[in-house]
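Structure first, then comments.
Numbering (our numbering), first residue to last: 46 to 364.
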């Protein structure tokens, strides 16, 4: 483990910058976008197949057994964070396009990120094993919960989770994960030995989903839709969201009958959000011309959480 984690140390930032830059310069439009969407869907299938192959069933069982940690974490991620996102989306709607404001709610309904949450928990001296299991369980739950939860809060007009969408989610996300769980006895050791290479599957799939989503947004005039003041509002609200989410997670962890190391794991697993789930799921839930706007808050939040997490982990490590 490196002694410090920085924004530049995360290759995902470079992937997101490249994906959004390509969408701005050479967006996939017209018939090309349909082809790109099919490629993205196939890549998402592979990603969730690999996720199923590498998350051990024993870890899932151990996490569920630790209800004092996982129960409150589940409530925080899928109740407190969506409500906070809903409130900020109403504020954002007064200053930003409605599809971008809706992105705050979508951000709130997403599960936490596994990789960076566990990395910063380790750096801060927290319970690494608990962080891995907790974030993994939240991610698995997010595959099933995020879409209907978002539809519940957003209303039928914003998110029509009909049978066609349910079938797409089941086919592209749930089915490959279940297949991966079924065959993981033959694959889990192979994947663990190649952890760094497997991480690039995540990054490439996420980059592809972001490229397709932003291509649709660019075609709808993303580059000319925002003025400087609107960018300021968007950035300011994301900063407020991150501060409130992190502060709330830390206070909630402190109110629980858990040790300091567990509280640190709760902080990072509760406040951080997963672009690895958010970008692929948005490609399934929303039309291509909408998805890029909806995930704009998620991409900024992901960037901000990396900026804040490193110094925060350093402070906690000293305390």
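C-beta: ideal position from N, C-alpha, C; glycine also. What you are looking at is a predicted structure, and each value in this text was computed from that prediction instead of being measured.
For residue i, which residues in the same chain have their Cβ closer than 6 Å to its Cβ, ignoring the five residues on either side in sequence?
i: residue 313; result: 162, 165, 166
i: residue 347; result: 320
i: residue 139; result: none
i: residue 213; result: 329
i: residue 325; result: 89, 254
Could you tell me the alpha carbon to alpha carbon distance between residue i and residue j, rounded to whole angstroms?
i: residue 69; j: residue 134; result: 25 Å
i: residue 311; j: residue 96; result: 22 Å
i: residue 245; j: residue 85; result: 15 Å
i: residue 63; j: residue 307; result: 36 Å
i: residue 334; j: residue 79; result: 12 Å
i: residue 182; j: residue 102; result: 10 Å
i: residue 357; j: residue 318; result: 16 Å
i: residue 340; j: residue 289; result: 20 Å
i: residue 263; j: residue 345; result: 17 Å
i: residue 141; j: residue 343; result: 15 Å
i: residue 304; j: residue 67; result: 46 Å
i: residue 278; j: residue 239; result: 42 Å
i: residue 110; j: residue 274; result: 48 Å
i: residue 276; j: residue 228; result: 46 Å
i: residue 82; j: residue 332; result: 10 Å
i: residue 299; j: residue 292; result: 11 Å
i: residue 172; j: residue 113; result: 14 Å
i: residue 216; j: residue 223; result: 10 Å
i: residue 184; j: residue 250; result: 16 Å
i: residue 186; j: residue 364; result: 32 Å
i: residue 230; j: residue 174; result: 21 Å
i: residue 327; j: residue 241; result: 26 Å
For residue i, which residues in the same chain have their Cβ closer than 8 Å to its Cβ, ignoring the five residues on either side in sequence?
i: residue 232; result: 98, 99, 225
i: residue 49; result: With a pLDDT of only 45 at residue 49, under 50, the local geometry of the prediction cannot be trusted, and the value read off the model is given with reservation. Excluding sequence neighbours, residue 49 sits near 168, 355, 359.
i: residue 235; result: none
i: residue 285; result: 133
i: residue 237; result: 99
Is the separation between the beta-carbon of residue i and that of residue j shorter than 7 Å?
i: residue 170; j: residue 362; result: yes
i: residue 323; j: residue 261; result: no
i: residue 296; j: residue 117; result: no
i: residue 77; j: residue 259; result: no
i: residue 349; j: residue 287; result: yes
i: residue 193; j: residue 93; result: no
i: residue 125; j: residue 157; result: no
i: residue 218; j: residue 243; result: no
i: residue 272; j: residue 294; result: no
i: residue 179; j: residue 115; result: yes
Here's a check: name, in chain order, each residue in its chain whose Cβ is nearer than 7 Å to the Cβ of residue i, leaving out the five neighbours to either side.
i: residue 146; result: 134, 137, 138
i: residue 176; result: 162, 163, 166, 310, 313, 314
i: residue 144; result: 335, 338, 339
i: residue 280; result: 345
i: residue 190; result: 123
Evaluate contact between the region 68–83 and the region 193–201, counting only Cβ atoms and requiring at least three cross-stretch pairs below 8 Å. By the Cβ rule, the region 68–83 does not count as touching the region 193–201, because fewer than three pairs are nearer than 8 Å.
Closer than 8 Å is the cut-off here; do at least three beta carbon pairs connect the region 244–259 with the region 87–96? Look at the beta carbons and you see the region 244–259 touching the region 87–96: at least three pairs across the two are nearer than 8 Å.
Pairs of beta-carbons, one from the region 143–158 and one from the region 121–135, closer than 8 Å: are there three or more? Yes, they touch.
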